[in-house]
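Residue numbers (this note's numbering): 857 to 1502.
All C-beta atoms in this analysis are idealised placements derived from N, C-alpha and C, irrespective of residue type, glycine included.
From a predicted model like this one, the values you see are computed outputs, not experimental measurements.
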Amino acid sequence: MTEFYEDGDNIADTKAPDGPIETRWERRRFGAKLVNPANKRKLTVIVVGTGLAGGSAAATLAELGYHVKSYCYQDSPRRAHSIAAQGGINAAKNYRGDGDSIHRLFYDTVKGGDFRSRESNVRRLAEISVEIIDQCVAQGVPFAREYGGLLDTRSFGGAQVSRTFYARGQTGQQLLLGAYQALERQIGAGNVEMNARHEMLELIIVDGRARGIVVRDLVSGEITTEFADAVVLASGGYGNVFYLSTNAKGCNVTASWRAHRKGALFANPCYTQIHPTCIPVSGDHQSKLTLMSESLRNDGRVWVPKAKGDQRAPGAIPEDERDYYLERIYPAFGNLVPRDIASRAAKNVCDEGRGVGPGGLGVYLDFADAIQRLGRAAVEAKYGNLFEMYQRITGEDPYEVPMRIYPAVHYTMGGLWVDYDLQSTIPGLFVIGEANFSDHGANRLGASALMQGLADGYFVLPNTIGDYLAAGPFEKLTADHDQVAAARQQVEDRITRLLAINGDRTVDSFHRELGRIMWEYCGMERTDEGLRKAISLIRDLKAEFWQRVRVPGDGEGLNQSLEKAGRVADFFELAELMCIDALHRTESCGGHFRAESQDADGEAKRDDEHFSYVAAWEWGGEDAQPVLHKEDLDFEYVHPSTRSYK
857 MTEFYEDGDN IADTKAPDGP IETRWERRRF GAKLVNPANK RKLTVIVVGT GLAGGSAAAT
917 LAELGYHVKS YCYQDSPRRA HSIAAQGGIN AAKNYRGDGD SIHRLFYDTV KGGDFRSRES
977 NVRRLAEISV EIIDQCVAQG VPFAREYGGL LDTRSFGGAQ VSRTFYARGQ TGQQLLLGAY
1037 QALERQIGAG NVEMNARHEM LELIIVDGRA RGIVVRDLVS GEITTEFADA VVLASGGYGN
1097 VFYLSTNAKG CNVTASWRAH RKGALFANPC YTQIHPTCIP VSGDHQSKLT LMSESLRNDG
1157 RVWVPKAKGD QRAPGAIPED ERDYYLERIY PAFGNLVPRD IASRAAKNVC DEGRGVGPGG
1217 LGVYLDFADA IQRLGRAAVE AKYGNLFEMY QRITGEDPYE VPMRIYPAVH YTMGGLWVDY
1277 DLQSTIPGLF VIGEANFSDH GANRLGASAL MQGLADGYFV LPNTIGDYLA AGPFEKLTAD
1337 HDQVAAARQQ VEDRITRLLA INGDRTVDSF HRELGRIMWE YCGMERTDEG LRKAISLIRD
1397 LKAEFWQRVR VPGDGEGLNQ SLEKAGRVAD FFELAELMCI DALHRTESCG GHFRAESQDA
1457 DGEAKRDDEH FSYVAAWEWG GEDAQPVLHK EDLDFEYVHP STRSYK
């Protein structure tokens, strides 16, 4: 036992085939049990979340013949946060003939994840990438095209080839609308029951299997128990534990955390992606941050003044007094280094006193060269909506003045642990998209989130869930079943407890304070001393929350303060686990940077001898320590090496 956690038995992914990696996915599909069409109609699957992963999964499972019950807390499935993704989706089509291939995408993704992801999963993702593009084109997704009619691509960080397909700066929106149309078709056909404005508040486990969820109707306040033969969580990431992030305000960890408390292991919670191109914080009034797509780094050049404290307008700073620091430090990749590298580099120059804008927390992203080389019309065609969004938020015209950007919390590589079939440690509970941990290691390459979400939903889960459902249908459940009633009672007791506190602090005040602690001590740079302090502060703040939070109103009807209170209560528990995970991992890798583990140049220093594993955490209980289970990572095809982009 250690100070903050206990060691448990090692775990392994027993579903991934061995043998040649090129045929593992094909062999797993062939080896999985099938469900005949007549039996599929007797089976019900619950899907929580309607983003790219959840929407595509629900539509595809219904198309196969399963009865699907879909849930989201938004007022419409197409309001899922996937709609906010801007830059693009990776695929190894090699339309440019620039040397791309499935193996190169596989290699770049494993390397980009700092050798902390599974080779089998990443290879499968690279293979499926080419099918995703065909699927989306067939749905009518309006990808950009080049003059000859072929789909156009652009470059993203971490790659030296052009493999990112895009629909201007609205790629997530267009892909989600494609999945949404497929979902609506199945809703119209009666194969999907759509339940918007419903939030999952508990997982129902009967005889060791996931058999349903407890949900609250966010409009009426009614709490109901919903049953199925399997449950799929596609509920997104947990970046909002930091309060300020690029995520929508409603994004939360509650669905995943409820499953974690019921026995699903939570893997690599400390792996948080800091996105380098966000509009800087402008004051305490802000409730979220705005992302500027990574695609802008294709043509924009990142720089700061060479001199500390240079307050001149950017146009008044001569070329020889500018430091294009990414191009200087990383000449091979330049402005297209991966996100973790670019984010730390921006922090470093700002820490040196060379940052720009209010508080010196910003760097320039300059398009003057691109406009001169390509012409304003060409730049506007590629990035016009992003430039317009920036101008509306900041009041500055990026065609005339360089954008100011700074890193911000964006994506979470950690999530519920799943095997190769995307099944968690709870039989019958499958987890897809950002809600699982499986494909990105310690750092996600840009344009890989959309790729993973659609791969899981359209192609992986529909092939693997049948192996589990072949043993169904399982016994019919009713609301008065002991384990069902107990799950519902847990939800009701929690709501009653939150409403009864009647304290003097708002939910948002607690959330904002928790976010400050996390950003300060578990953000871009972490230290042993800082993480220990954060754990102590989080525990004290959590205790204060349960004594002083004020949730006005009641549980009967619409009560957004009650919704937020439940989510923030879960964020407290997650935040503590994130800090414990970051404290135990005394190496630097990807989105996890320990100040004690860096080389002479300030680059992340991995410790493959001691930390080449997935950290999968078991819930210990309210007053007990979490239990660490390790899944060793083996690399046969992409051997760990010093991760250099110079």
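Residue pairing for Glu1049: DSSP places it in a beta bridge opposite Lys925. Between the alpha carbons of Arg1117 and Gly1190 lies a distance of about 44 angstroms.
A check of alpha carbon separations from Cys1378 across Phe1286, Leu1439, Phe1467 and Gly1106 identifies Leu1439 as the nearest.
With distances taken between CA atoms, Gly1095 lies nearest to Gln1129 out of Glu1175, Gly1411, Gln1129 and Gly1313. For Glu1412, same chain residues with a beta-carbon under 6 angstroms away, outside a window of 5 residues either side, are Gly1077 in chain order. Bridge partners of Asn1292 according to DSSP: Leu1272. The straight-line gap separating the alpha-carbon atoms of Gln1037 and Asn1047 is approximately 14 angstroms. By the criterion of at least three beta-carbon pairs nearer than 8 angstroms, the region 1368 to 1376 is in contact with the region 1391 to 1407. DSSP places Glu1244 inside the alpha helix (DSSP H), whose first and last residues are Arg1232 to Thr1250. Counting along the chain, Lys1486 sits inside no alpha helix (DSSP H); it lies in the beta strand (DSSP E) bounded by residues Val1483 to Asp1488. Asn1415 is not a Cβ neighbour of Gly1422, given a cutoff of 7 angstroms. Three or more beta-carbon pairs separated by less than 8 angstroms are not found between the region 1001 to 1013 and the region 876 to 892, which leaves the two stretches without contact. Between the region 1171 to 1180 and the region 1232 to 1251, the count of C-beta pairs closer than 8 angstroms stays below three; the two stretches do not touch. For Met1434, the enclosing alpha helix (DSSP H) stretches over residues Gln1416 to His1440. Comparing C-alpha distances from Arg883 to each of Ala1090, Ala947 and Thr1320 shows the shortest one belongs to Thr1320. Between the alpha carbons of Leu1033 and Glu1369 lies a distance of about 36 angstroms.
Here Gly1209 is near Lys1164, since their CB atoms are less than 7 angstroms apart.
In the pairwise beta carbon analysis, the region 1046 to 1060 is classified as not touching the region 1010 to 1025: fewer than three pairs are separated by under 8 angstroms. Taking a contact to require three or more Cβ pairs closer than 8 angstroms, the region 1150 to 1170 and the region 1083 to 1094 do not qualify as touching. Where Trp1159 is concerned, the enclosing beta strand (DSSP E) starts and stops at Arg1157 to Pro1161.
Counting the other Cβ atoms within 10 Å of the Cβ of Asn866 gives fewer than 16, which makes it exposed. Rounded to whole angstroms, Val993 and Asn1358 show a C-alpha spacing of 53 angstroms. Between the region 1352 to 1367 and the region 1418 to 1434, the count of C-beta pairs closer than 8 angstroms reaches three or more; the two stretches touch. Spanning the alpha carbons of Pro1496 and Val1287 requires a straight line of approximately 28 angstroms. From the listed residues Arg1114, Phe1330, Asp1338 and Leu1145, the smallest Cα separation to Arg1350 is found for Arg1114. The C-beta separation of Val904 from Leu1089 comes to about 5 angstroms, placing the pair in contact by the 8 angstroms criterion.
In the three-state reduction of the DSSP assignment, Gln1279 falls in the strand class. Rounded to whole angstroms, the separation of the alpha carbons of Ala940 and Arg1300 is 17 angstroms.
Residue pairing by DSSP puts Leu1089 in a beta bridge opposite Val904 and Val1287.
Annotation: Met1056 is outside any alpha helix (DSSP H); the continuous beta strand (DSSP E) that includes it extends over His1054 to Val1062. Beta-bridge partners of Asp1008 (DSSP): none assigned. Classified as buried, Ala915 has 16 or more neighbouring CB atoms from the shown chains inside 10 Å of its CB.
Residue pairing for Glu1474: DSSP places it in a beta bridge opposite Val1483. Considering only Phe1243, Ser1112 and Cys1435, the residue with the shortest C-alpha distance to Gln1026 is Phe1243. Residue environment: Ser1280 is assigned as buried (16 or more neighbouring CB atoms within 10 Å of its CB, all protein chains considered). CA-to-CA, the gap between Pro1318 and Val1070 works out to about 24 angstroms.
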